[in-house]
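First up is the structure itself, then whatever we jot down about it.
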Amino acid sequence: MPYQTVFVEFYEQVKLSINQGTFAKLTLAKTIGDTELKNIYVRLHILETGGYKLALTLRYKTEEIESFHTFDEAFTVLSSYLKNPFITALLFNTEMDLTFKINKKNAGSLTEQIPTFKNASPVMLEMLDKGIVKV
360 MPYQTVFVEF YEQVKLSINQ GTFAKLTLAK TIGDTELKNI YVRLHILETG GYKLALTLRY
420 KTEEIESFHT FDEAFTVLSS YLKNPFITAL LFNTEMDLTF KINKKNAGSL TEQIPTFKNA
480 SPVMLEMLDK GIVKV
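This note's numbering numbers the first residue of the sequence shown as 360 and each following residue consecutively.
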C-alpha cells in the first residue's frame with residue numbers, strides 16, 4: 360500500500376489517541392542518510408483560549424526550532440518530511456506503541472507493540488482535567 364495512504368491511517372490513530380486521552384508522544388525518526396535534521400518531536404500545547412495545538416520541535420545537529428500548528432496543519436507539515444528525510448514515525452500512547460515505516464519500495468506499514476508509557480503525557484492529563492478533551 361502506498362505510504363501516503365498508510366500515513367493517513369497512522370495520523371487518524373494520533374487523533375484517536377488524543378480524543379481518547381491516551382496520547383503520550385509522537386516522534387519522526389530514522390532518516391535516510393546523514394542529515395542535518397535528526398528528529399521531529401510532537402507534543403500537545405494548551406492554548407489560553409481553552410483549545411490546543413501541536414508543538415513541533417525540529418531537532419537539528421546544532422539547534423532546535425519549535426512551531427505550533429493545528430492538528431490538520433501539523434499533518435501537512437509532518438507529511439512533507441516523509442522520505443525527506445524520515446522513514447519512521449512512532450506514536451506512543453497508553454494502549455500501544457504504533458510504528459509507521461516506509462520501505463525501499465515506497466510501501467507503508469503499521470506495527471503495533473506493547474505500550475512504552477503507562478501514563479498519558481502531563482499536558483494530555485491537564486487537557487482532560489480542564490475538559491479540553493472529553494472521553
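Each residue gets a CB set at the ideal place from its N, CA and C atoms; glycine is no exception.
Discussion item. I'd like the list of long-range same chain contacts for PHE382, defined as Cβ closer than 7 Å, with 5 residues on each side in sequence excluded.
Written reply: Residue mapping note: residue 382 aligns to position 23 of the sequence shown, counting from 1. Contacts found: SER376, LEU403, ASN452, ALA479, SER480, MET483.
Discussion item. Taking 9 Å as the threshold (beta carbon to beta carbon), is PHE451 in contact with chain D?
Written reply: In summary, chain D is missing from the structure at hand, where a single protein chain is found.
Worksheet entry | Contact under 9 Å by Cβ, ILE391 with LEU437 | What you label residue 391 is simply residue 32 of the sequence shown in a count that begins at 1. What you label residue 437 is simply residue 78 of the sequence shown in a count that begins at 1. No. Outside cutoff.
Fill in: Burial state of VAL401, where buried means 16 or more other Cβ atoms lie within 10 Å
For this step, residue 401 is matched to residue 42 along the sequence shown. Burial call: buried.
Worksheet item: What residue range is occupied by the uninterrupted beta strand (DSSP E) comprising LEU385?
Response: Residue mapping note: residue 385 aligns to position 26 of the sequence shown, counting from 1. Its beta strand (DSSP E) spans residues 382–390.
Worksheet item: Which value, in whole angstroms, describes the spacing of the CA atoms of ILE446 and GLN379?
Response: Walking along the sequence shown from the start, residue 446 turns up at place 87. Walking along the sequence shown from the start, residue 379 turns up at place 20. Near 27 Å, if we compare the C-alpha coordinates of GLN379 and ILE446.
Practice prompt. Assuming GLU425 and ALA433 form a contact by the criterion Cβ under 8 Å, report the distance between their Cβ atoms to the nearest whole angstrom.
Written response: Here the question's residue 425 lines up with position 66 in the sequence shown. Here the question's residue 433 lines up with position 74 in the sequence shown. With 8 Å as the limit, GLU425 and ALA433 do not qualify as a contact, their Cβ atoms being about 12 Å apart.
Item to complete: Would you give the residue range spanned by the beta strand (DSSP E) that VAL401 belongs to?
Response: To locate residue 401, count along the sequence shown from 1; it is residue 42. Segment 396–405, the beta strand (DSSP E) holding VAL401.
Worksheet item: Under the DSSP definition of a beta bridge, which residues are partnered with PRO361?
Response: For the purposes of this step, residue 361 is identified with residue 2 of the sequence shown, where counting begins at 1. According to DSSP, PRO361 bridges with ALA466.
Item to complete: Kindly indicate the opening and closing residues of the beta strand (DSSP E) around GLU423.
Response: By 1-based counting over the sequence shown, the position of residue 423 is 64. GLU423 -> beta strand (DSSP E) spans 423–428.
Discussion item. Checking the sheet assignment: what are the DSSP bridge partners for ILE461?
Written reply: Within the sequence shown, numbered from 1, the residue matching residue 461 stands at position 102. For ILE461, which the question treats as bridged, DSSP gives the partners GLY467.
Fill in: Close Cβ partners of PHE427 (< 8 Å) along its chain, the five nearest in sequence each way excluded
Along the sequence shown, one-based indexing puts residue 427 at 68. Taken in chain order, the residues that qualify are HIS404, LYS412, LEU413, ALA414, LEU415.
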